[in-house]
Amino acid sequence: TIHIVEVLLAISSIISNCISTVVTHNAVPLPYPQRRMLASVSLNFVILAVYQFARNLFLGVTMYEPCITMMNTITCKLHEFPLLFCYIHGSAAICVVAIQTTIHIGTFQWTTTSSVRQSALILICIAATLVLTTLDHDVEPQNMSQCSILMAFRDRDLVFCLLTMLILLHTAAAATVTMAARRRTNRVTLVSHMTLSLKDVITVETLLWHCSLLFSGCFVLYRHVIADFCDECVMIALEVSFNILPLGIAFFHPMMIIWFVFPIRDAAIRACPRLRLVLPEYAMVPPPPVRLFTRQSNAEVEAVFRGADLDPLQPSKAVIPETNNEVAKSG
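The opening residue of the sequence shown carries number 13 in my numbering; numbering runs sequentially from there.
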């Protein structure tokens with residue numbers, strides 16, 4: 013049943029995130045570097061869903077094959093390497109998106125996200141994944157009944173370092189975009205609307221990631237602390253918390269980003285006009301900013317009134333005849 017749920021979530025995530033990648037890349041009011049980074053986040057979810065679909069397809073085919081050798085910790089870490097990379101790259105990419113909301117993209121150099129810089133981010137995440145998998149002192153491989161990357165690590169401290177790093181990256185992204193939104197609360201501009209919209213998306217996804225990672229850490233701690241434990245129960249719990257919950261986040265990410273981020277919603281409606289029946293209407297043009305009444309603005313108002321031969325302190329009056337007789341006399 014768990015593998016069927018994973019397959020269905022993976023297929024749905026592949027379709028929705030492929031659409032979200034194209035729509036996000038064509039959301040014209042957004043700056044081009046920000047569009048590229050948001051599209052890379054959706055593309056990372058596509059890779060994650062494709063890997064989970066292939067993994068479950070492989071498990072479904074080989075589940076009842078007695079000729080398949082039992083998996084050990086080394087082959088499991090090699091098998092789960094793409095999953096670990098997707099988690100690290102996804103958290104790093106969403107952190108860069110949060111940083112982009114705090115600065116002027118035209119004057120910032122690192123998060124302008126050209127193809128070279130995006131490739132550099134990918135290489136850094138691959139290096140971090142390699143470091144985490146190679147630092148584990150797995151001299152004597154241990155056989156495993158079912159593959160799970162968190163159970164394949166022999167060093168317990170390395171597992172908790174991995175979970176802590178992912179939690180800190182998502183927390184930093186949520187904190188950064190929240191501070192940027194508070195700074196721009198009083199500014200009625202398109203950038204302010206974008207920051208507030210991204211804050212909603214990143215905050216919800218951060219809470220879901222925290223639930224997934226914290227539950228996974230609790231199950232790993234239970235596995236190492238309790239002497240007499242149910243191995244199959246721990247594997248099922250880790251499968252739900254560390255695999256199914258991230259797939260759920262990947263499935264809901266396109267829906268949240270199209271629902272909350274107005275330019276991406278507008279691009280989705282242009283691509284599929286029938287979405288107007290589902291998505292709420294909104295005003296793409298923000299209202300004009302409220303100006304403070306200062307001495308300079310007061311002088312400008314007086315200059316306008318003087319140009320029109322009016323006194324700004326004494327409003328003009330229009331005399332309306334009270335009776336019909338006065339109207340007739342004037343006529």
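Each residue gets a CB set at the ideal place from its N, CA and C atoms; glycine is no exception. None of these values were measured; they are calculated from a predicted model.
message = Just verifying my parser: in three-state terms, what is the DSSP assignment at N38?
response = coil
query = If C88 and A164 are in contact, beta carbons under 8 Å, what's the gap, nearest whole angstrom?
reply = 4 Å
Proximity of V35 and A283 at Cβ, strictly below 7 Å = yes
key: M267 versus K211: straight-line alpha-carbon distance, rounded   = 15 Å
key: Residue interval of the alpha helix (DSSP H) (run including I161)   = 161–164
inquiry  = Using a 10 Å radius around the Cβ and a threshold of 16 neighbouring Cβ atoms, would you call I214 buried or exposed?
reply    = buried
ask   = In angstroms, rounded to a whole number, what distance separates the CA positions of L259 and S25?
value = 7 Å
ask   = How about L95 and Y44: do their beta carbons lie closer than 7 Å?
value = no
inquiry  = Whole angstroms are fine: how far does the CA of V252 sit from the CA of L225?
reply    = 11 Å
message = Suppose the cutoff is 8 Å on Cβ atoms and the five residues either side in sequence are ignored; what does the same chain contact list for G102 look like?
response = V53, N56, F57, L60
query = How close, in whole Å, do the beta carbons of R196 and S204 come, if the pair is a contact with beta carbons under 8 Å?
reply = 4 Å
ask   = Considering only the beta carbon of each residue, do L42 and P275 sit closer than 7 Å?
value = yes
task = Verify whether the separation of the beta carbon atoms of T218 and A186 is less than 7 Å.
result = yes
task = Only counting runs of 4 or more residues, tell me where the alpha helix (DSSP H) segments fall wholly within the region 52–102, in order along the chain.
result = 85–91
inquiry  = Would A263 and S228 be called neighbours here (beta carbons separated by less than 7 Å)?
reply    = For the sequence presented, residue 263 should be read as Phe rather than Ala. Not a contact, by the Cβ cut-off of 7 Å.
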